[in-house]
Every structure is written in C-alpha cells, then in structure tokens.
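Engineer: Below are the structure tokens for one structure; questions will follow.
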Amino acid sequence: MLHKDRAIHLGLRYGFLTPADIEEASKLQKNPDDVEELKDILVRQKMIDEERLIMLESVVTEEKAFGKGDILGGKYKIIRPIGAGAMAKVILAENIETGQKVALKLLPVSEKDNKHLKIRFQNEIRLHSSLRDPYIIQLYDTFLHDGRQVIAVEYIEGESLQRRLERGPLPIREALEIALQVAYGLEYLHHRDLVHRDIKPGNIFLGKDGRVKLLDLGLAKNLKEEEQLSSPGTVIGTPQYMAPEQAMGGDFVDQRADIYSLGVTLFHMITGTTPFRGSRSEIIKSHIQKLIPDTRLYRKGIPKSVRELIQKMTARKVEQRYSSIEEVIGDIKKILQQKLRLKEELLLLPHRTHLMGVLAIVLGAVAVGLLVYFRGIEGLLRWFAG
C-alpha cells in the first residue's frame with residue numbers, strides 16, 4: 214500500500230503501521246487532506262509510538278542529506294541508502310582503507326530529540342559488540358557523526374526475507390532451511406541469556422550465497438539485567454509476529470517469545486501471509502486471545518510434521534511451546550531429513566512458473582527416452598535387413 218506521505222509510507226513498508234490503521238485513523242480526521250492531523254491520530258490511538266514516528270520523519274528528512282561519495286567517520290564513503298531499521302537509517306558504504314563494503318546504521322534524530330531511541334541504539338551497540346556468530350550480522354565499528362551514533366555492520370549481497378515474501382510464499386524445504394539458520398542464530402543468543410524480541414522477516418537477511426543472517430538487536434534484552442528500553446506495560450516488538458506474553462506488555466518475556474515469533478515467521482514463509490490482519494490493536498488482541506490458524510486454510514500439501522512444528526512453536530500458552538530453541542532445531546532437522554514424495558514437492562511449489570519448469574523437465578526426459586527407443590528400433594531393423 215502506497216501513501217502520499219513518505220513517513221507513513223515507510224511505516225507501512227516496514228510493518229510499523231497496517232493499512233487497517235490508516236483506514237481507521239482516516240475516519241477520525243476532520244480534514245482528510247491534513248497529513249499532520251492523521252499522524253496525531255495515529256499516535257493518540259496508539260497505532261504507532263511517537264518515537265517511531267519521529268524516527269520515520271527523520272529518515273525522510275535525511276534521505277537527501279547524504280550524497281553518493283560523502284565520507285562519514287573519516288573512512289566510510291557513501292554508496293547509497295538501503296533502508297530503515299526499527300530505529301535507524303541504513304546506508305551502504307565502502308571502507309576506503311580496506312575496500313570492504315559495510316552497512317552504516319545512523320540514529321536519525323539527535324540525542325536531545327528522543328532519549329528512548331538513544332537508549333535503544335546504545336543497547337544494540339553494547340549487546341552486539343561482543344557477539345561473533347556466522348548467523349548474526351557482525352558489528353565492525355562505531356563512531357559519531359554530527360553528534361549522532363553510527364555503527365558499521367557486515368554487508369552481504371542479497372535481500373531481506375520481507376522483500377522475498379513480497380513475491381509470494383516459499384517452497385517448504387527452503388522455508389525450513391531458512392528457519393533452521395535463524396534458529397542457530399537464536400541458539401547463540403539464548404546461550405548468552407539474550408532474547409531478540411523482534412524476530413520477523415524484516416530482520417532476517419538472505420544472502421545470495423545461501424547464508425541467512427539475523428539483524429537488528431535494538432530491542433534485545435539480557436535476562437540477567439533490568440529492563441532499560443521501556444516502562445512497565447509497554448509493548449515491545451512488531452505486532453504481526455510477537456508472542457502473546459510480549460503483546461500483553463508483560464515484565465517477564467523469555468527465549469520462548471523468540472520461538473513463537475520464529476514460528477509465525479515460518480507460517481508467513483509457507484502460507485504467504487501473517488496469521489492475523491487488522492489494525493495494530495486488533496492484531497495484538499488476536500495474538501493474546503486466539504490460536505494461530507491452521508496453515509491448510511492457506512495452502513495445500515503441507516506435511517503433518519510441518520504443521521505440528523508450527524503449532525507447537527506458536528502455542529498461545531508459554532508452557533505448551535517448545536521449551537528451548539535446541540528442541541526446535543532438532544525437529545526441523547528431522548523434517549528436513551525426510552524425503553518428500555514428488556507429488557508433495559509439486560504441491561509445495563508456489564508459482565506456476567516453477568510448476569511449468571518441473572513439467573518441462575519431465576516432458577523433456579520422456580521425449581529423450583522415446584527418441585532413444587525409436588532410434589534403437591530403427592537400428593535393429595537395419596541390422597535384420599542387412
């Protein structure tokens with residue numbers, strides 16, 4: 214969904230707002246053409262946090278602030294903007310000293326404008342700086358630019374899972390393989406008492422080489438430390454993917470919340486949609502009160518083992534969920550080791566072009582077989598005649 218206001222458009226693009234939010238807020242407007250009034254309503258109705266809206270507006274302001282070739286931090290030459298995370302503008306740059314490409318994340322507002330965003334950004338730096346894992350994007354450097362914190366992180370060629378899903382659902386085996394790599398990244402975090410709290414397609418990057426990387430630790434929490442990112446009762450995360458206990462703004466959210474979010478992400482990869490639709494408040498309410506729908510409502514041919522995996526990962530009651538990410542990893546591995554029948558594999562292909570490709574291969578093989586057969590008959594006839 215496009216919107217004439219760039220900040221609102223970005224909010225929709227990155228899942229901070231839903232089309233239902235805009236529709237609902239628009240009904241409360243006195244002047245339908247007043248975008249600022251619409252933004253005030255969105256904040257007042259708690260459809261988007263004020264700090265997040267400020268971040269989006271700052272990203273819009275800065276889209277023209279940096280040009281190709283500009284140098285940041287004394288050694289990072291800007292190539293082009295590549296997106297906006299949960300709280301930062303992201304720019305592709307090149308380290309002129311090493312030639313290495315990096316992604317620069319800039320807090321888009323000054324410290325005085327938003328204290329909470331500054332705390333979250335510093336939280337990401339603090340937690341991320343000590344992490345070294347092949348399934349988590351690596352942090353290389355931190356520096357200040359015009360009084361704002363900037364971090365340089367690993368850049369790999371590819372696209373986010375969110376962008377990939379815009380083209381439709383994935384083959385089930387591919388979806389499971391992506392989920393497995395994300396689970397490995399979570400295993401590393403969970404062993405260090407960290408909870409990511411924002412597992413979603415936008416925070417999962419698919420490298421062209423097949424590597425999957427977990428992004429954005431801005432909302433992560435160390436279970437051994439007191440909450441520093443929000444006041445009690447504040448809902449942290451992305452509504453479409455958050456666990457019920459997280460949606461309620463509970464004080465205690467552990468690693469099983471990440472398992473739930475990964476389960477919803479797997480649901481999205483396989484079905485092509487999120488379990489619940491509506492405004493932010495409606496989606497949050499659904500996660501708290503409802504069970505995740507059966508995947509068969511959206512797609513045929515999903516093996517029972519995969520359905521049961523998603524159901525257990527997304528159990529509404531925490532105690533009915535997988536107790537650890539290691540258990541999830543074990544079950545995904547078992548499923549991947551199973552050999553699916555050709556009929557099932559064909560059902561898993563989401564696009565007609567894929568199906569036509571498979572049929573073309575089959576028909577081609579048949580044609581070659583017939584050609585060999587008839588040439589053989591022709592040779593025999595010549596031999597008998599000879």
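Sequential numbering of the sequence shown, starting at 214, is according to the working numbering.
Just so you know, even glycine gets a beta-carbon here, dropped at the ideal spot from N, CA and C.
According to DSSP, simplified to helix, strand and coil, what is Arg490?
Structural biologist: As a first step, residue 490 is located in the sequence shown; it is residue number 277 there, counting from the start. Arg490 falls in the coil class under three-state DSSP.
Engineer: For Ile349, which of helix, strand or coil comes out of DSSP?
Structural biologist: One-based indexing of the sequence shown puts residue 349 at position 136. DSSP places Ile349 in strand when its eight states are reduced to three.
Engineer: Determine the DSSP secondary structure at Gly371, reduced to helix, strand or coil.
Structural biologist: Walking along the sequence shown from the start, residue 371 turns up at place 158. If DSSP states are grouped into helix, strand and coil, Gly371 belongs with the strands.
Engineer: What residue range is occupied by the uninterrupted beta strand (DSSP E) comprising Ala306?
Structural biologist: Mapped onto the sequence shown, residue 306 falls at position 93. Its beta strand (DSSP E) spans residues Lys302 to Asn308.
Engineer: At 3 residues or longer, what runs of the beta strand (DSSP E) sit wholly inside the region 399–452?
Structural biologist: Contiguous beta strand (DSSP E) elements confined to the region 399–452 occur at 417–420 and 425–427, taking only those with 3 or more residues.
Engineer: Using only the alpha-carbon positions, how far apart do Phe229 and Leu266 sit?
Structural biologist: Here the question's residue 229 lines up with position 16 in the sequence shown. Here the question's residue 266 lines up with position 53 in the sequence shown. In a straight line, the C-alpha of Phe229 is about 9 angstroms away from that of Leu266.
Engineer: When you compare the region 400–417 with the region 478–485, are there three or more beta-carbon pairs, one atom per stretch, that lie closer than 8 angstroms?
Structural biologist: yes
Engineer: Compute the distance between the beta-carbons of His341 and Gly286, then report whether it is under 9 angstroms.
Structural biologist: Counting from one through the sequence shown, the residue named residue 341 turns up at place 128. Counting from one through the sequence shown, the residue named residue 286 turns up at place 73. Contact flag unset, no.
Engineer: Quick one: Cα of Leu560 to Cα of Gly514, how far?
Structural biologist: As a first step, residue 560 must be located in the sequence shown, where it is residue number 347. As a first step, residue 514 must be located in the sequence shown, where it is residue number 301. Below a pLDDT of 50, predicted positions are generally treated as unreliable, and Leu560, at 48, falls in that range; no measurement from the model is reported.
Engineer: Are Ile350 and Leu255 close, meaning C-beta to C-beta below 9 angstroms?
Structural biologist: Residue numbering aside, residue 350 sits at position 137 when the sequence shown is read from its first letter. Residue numbering aside, residue 255 sits at position 42 when the sequence shown is read from its first letter. No, the pair does not count as a contact, with Cβ atoms beyond the cut-off.
Engineer: Taking 8 angstroms as the threshold, find out whether the region 453–465 comes into contact with the region 487–501 through three or more Cβ pairs.
Structural biologist: yes
Engineer: Could you work out which residue in Asp544, Lys421, Asp507 and Asp471 is closest to Ser518 when comparing CA atoms only?
Structural biologist: Reading the sequence shown from its first residue, position 305 is the one you call residue 518. The option with the nearest alpha carbon to Ser518 is Asp544.
Engineer: Quick check: the region 375–383 against the region 312–319, are there 3 or more CB pairs under 8 angstroms?
Structural biologist: no
Engineer: Could you give the residue range of the alpha helix (DSSP H) that holds Lys525?
Structural biologist: Counting from one through the sequence shown, the residue named residue 525 turns up at place 312. Segment Lys517 to Met526, the alpha helix (DSSP H) holding Lys525.
Engineer: So, do the region 397–404 and the region 352–371 have three or more beta carbon pairs nearer to each other than 8 angstroms?
Structural biologist: no
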